[in-house]
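Going by our numbering, the first residue of the sequence shown is number 1, and it counts up by one from there.
Don't be surprised by glycine CBs; every beta carbon is placed ideally from N, CA and C.
This report refers to the structure that appears directly beneath it.
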Amino acid sequence: MATIDVHNPASGGVVGSVPLHSTEECVAAAKTARQSFTHWRVRTGRERGEMLRSAFELMMERQEELARLIVLENGKVLSDARAEVAYAAEFFRWFSEEAVRVDGDLRRAPNGSHWFAVTREPVGPALCITPWNFPAAMATRKIGPALAAGCTVVLKPASETPLTAYAIADILYECGVPRDALQVVTPDPPAEAVHAMLSSGFIKKLSFTGSTRVGSLLLTQAAERIVNCSMELGGNAPFIVCDDADIDAAVDGAMIAKMRNGGAACTAANRFYVHTSVYEEFTQKFVARMNALVVGNGLDDGVTVGPLVNSAQQQRVMSLIHRATDAGAEIACGGSATPSPMCGVEPTVLVNVQPDNPILGEEVFGPVAPIVRIENVEDSVHLFNGVDHGLVSYIYSGNAGRGMKIANMLETGMVGLNRGLVSDPAAPFGGVKESGLGREGAHEGLLAFLETKYVSTEW
Ligand code: NAD
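Here it is, written out as structure tokens:
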């Protein structure tokens with residue numbers, strides 16, 4: 001059987017392999033998902049919920065083993081990987097509780113003569129496609145609600161990080177999920193197989209997390225068969241520090257918002273806008289913290305930043321730094337790639353960044369923080385909103401009322417107000433503009449896998 005080798009971004013060595021699935025095998029998986037949907041959808045919410053609850057517990061029992069696997073294939077540091085496993089498992093716990101909350105209601109027709117019995121039904125077999133940056137959490141954030149709602153799943157993980165996806169599927173099988181209700185496919189390259197699955201007629205839901213470029217392409221493919229879509233796409237988060245902010249808290253928040261997952265997060269702070277009155281203090285303290293980080297193999301003691309997932313990502317981030325400095329930015333710390341074979345980039349802070357610097361228009365997806373000095377926060381809202389993406393923003397202000405007013409002016413699906421972290425399985429995660437369609441997590445995450453149906457009835 002043909003296989004795909006999975007490489008360790010810290011050393012370049014092979015850490016495992018997974019089956020290389022053909023387009024025909026992927027379409028066959030979609031067909032199986034269609035056939036098994038008939039059986040899975042009629043299992044009770046309680047049964048499905050208890051399987052997910054057991055999977056939460058088993059994932060936490062295996063937290064260390066899964067975390068090490070994530071480090072090996074993704075490169076992130078062990079503490080980040082442990083946090084990811086806990087975060088990922090929480091989606092199973094949350095949706096185990098939501099599985100029994102698929103409700104409906106009874107509404108009276110306006111003329112009072114009859115009733116509408118409104119119910120919710122699983123949308124159908126779901127194709128779930130995930131990126132490499134959170135190999136566990138992006139999978140459980142989709143599998144959890146899909147299985148809870150009664151949908152069967154074909155999961156296509158990123159080719160860079162498929163080992164974690166297979167390990168999570170094994171946990172679900174151990175907890176009673178039938179193998180035909182959840183299948184993992186690994187075609188590489190994926191374009192032809194994904195298109196074939198979407199046009200097969202077997203898939204009724206596409207839940208995609210990845211880049212805006214690929215999301216946009218898949219939306220056009222899904223349109224051919226009117227496939228219901230949820231899209232979690234790229235981000236370009238502003239991190240706004242007001243003149244009245246607690247600067248130490250803002251620096252703590254900036255470290256989380258920028259450096260969680262080594263900067264490779266859709267929620268990563270991408271553009272820092274700091275009021276001129278606190279610019280020097282914030283920049284000096286932030287640079288000191290970034291300088292203290294240690295890049296290396298994520299499994300080694302003392303290492304606080306891992307490499308990026310491969311050399312293509314490393315080169316992409318380095319070229320963004322070079323374009324930023326060509327446009328006048330200055331390097332306050334970092335600025336270099338780590339020596340081969342490690343695909344890392346030193347934590348980098350760029351200062352004297354002008355509002356039209358090209359780096360501010362792109363998702364960096366790495367450990368680089370460009371800082372723009374601003375004279376007035378409220379007058380700079382056009383800068384914060386002046387990008388195509390709209391996933392998340394961060395604001396630090398000592399005045400909660402002012403912070404809420406600014407939050408209301410920001411064109412993003414989420415805002416961290418005096419917090420550098422917004423991700424939570426119980427909160428509706430998602431973006432506006434070119435950052436996506438729909439929400440994951442919370443009750444909204446379950447609704448994404450349900451269709452509304454009503455029965456017009458008289459008695
Ligand atoms: P990507 O778009 O390159 O790949 C995502 C997935 O799509 C992978 O499984 C990949 O194999 C598959 N894919 C790639 N090209 C395809 C094609 N032509 N047809 C079908 N499938 C294809 O993204 P990535 O580099 O893996 O991940 C980084 C991106 O993901 C960033 O833009 C990041 O912001 C985004 N992301 C968003 C969220 C969110 O919740 N909004 C979360 C994590 C990552």
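In terms of CA proximity to residue 1, 186 leads the group 106, 353, 210, 186. Per DSSP, reduced to three states, the secondary structure at residue 106 is strand. Burial state of residue 227 is buried, judged by a 10 Å Cβ sphere holding 16 or more other Cβ atoms. Judged by the Cβ position, residue 318 fails to qualify as a neighbour of the ligand NAD at the 7 Å threshold, every heavy atom of the ligand being at least this far.
For residue 129, the shortest C-beta to heavy atom distance toward the ligand NAD is below 7 Å. Restricting attention to alpha helix (DSSP H) runs no shorter than 4 residues, the stretch 386-453 encloses them at 400-409, 442-447, ordered along the chain. Taking the Cβ atoms as the reference, residue 391 lies roughly 6 Å from residue 266, within the contact range of under 8 Å. Per DSSP, reduced to three states, the secondary structure at residue 21 is coil, with no helix or strand assignment.
About 5 Å separates the beta carbons of residue 333 and residue 287, which is inside the 8 Å limit, making them a contact pair. For residue 5, there is no enclosing alpha helix (DSSP H); the residue is found in the beta strand (DSSP E) stretching over 3-7. Of the heavy atoms belonging to the ligand NAD, none sits nearer than 7 Å to the Cβ of residue 305. If you look at residue 330, you'll find it in the beta strand (DSSP E) that goes 330-333. By the criterion of at least three beta-carbon pairs nearer than 8 Å, the stretch 127-144 is in contact with the stretch 439-447. Secondary structure note for residue 202: it is in no beta strand (DSSP E), with a DSSP letter that is neither H nor E. Residue 171: member of the alpha helix (DSSP H) spanning 162-174, first to last residue. Counting along the chain, the unbroken alpha helix (DSSP H) around residue 285 starts and ends at 276-291.
Note that the stretch 365-381 touches the stretch 343-353; at least 3 beta-carbon pairs, one per stretch, sit closer than 8 Å. Looking at the DSSP output, residue 231 shares a beta bridge with 208, 437. Under the three-state reduction of DSSP output, residue 121 falls in the strand class.
Spanning the alpha carbons of residue 254 and residue 45 requires a straight line of approximately 41 Å. At least one heavy atom of the ligand NAD lies closer than 7 Å to the C-beta of residue 363.
Within the stretch 253-278, the runs of beta strand (DSSP E) that reach at least 3 residues and sit entirely inside it are, in chain order, 269-275.
Across the structure, residue 34 and residue 202 are spaced so that their CA atoms are roughly 6 Å apart. Judged by DSSP in its simplified three-state form, residue 178 adopts coil rather than helix or strand. Residue range 153-156 is occupied by the beta strand (DSSP E) that includes residue 153. Residue 354 carries a coil assignment under DSSP once its states are collapsed to helix, strand and coil. 101 is the residue among 101, 408, 132, 355 whose C-alpha sits nearest the C-alpha of residue 120. Just measuring C-alpha positions, the residue of 271, 115, 32, 268 sitting nearest residue 179 is 32. Residue 99 sits in coil when the DSSP states are folded into three classes, being neither helix nor strand. When DSSP reads this structure, residue 456 sits in a beta bridge with 116. In this chain, the beta strand (DSSP E) harbouring residue 373 covers 368-374. Judged by DSSP in its simplified three-state form, residue 309 adopts coil rather than helix or strand.
99 is the residue among 108, 389, 99 whose C-alpha sits nearest the C-alpha of residue 49. Taking 7 Å as the cut-off, one finds at least one heavy atom of the ligand NAD near enough to the beta carbon of residue 133. By the C-beta density criterion, residue 405 is exposed, having fewer than 16 other C-beta atoms within 10 angstroms.
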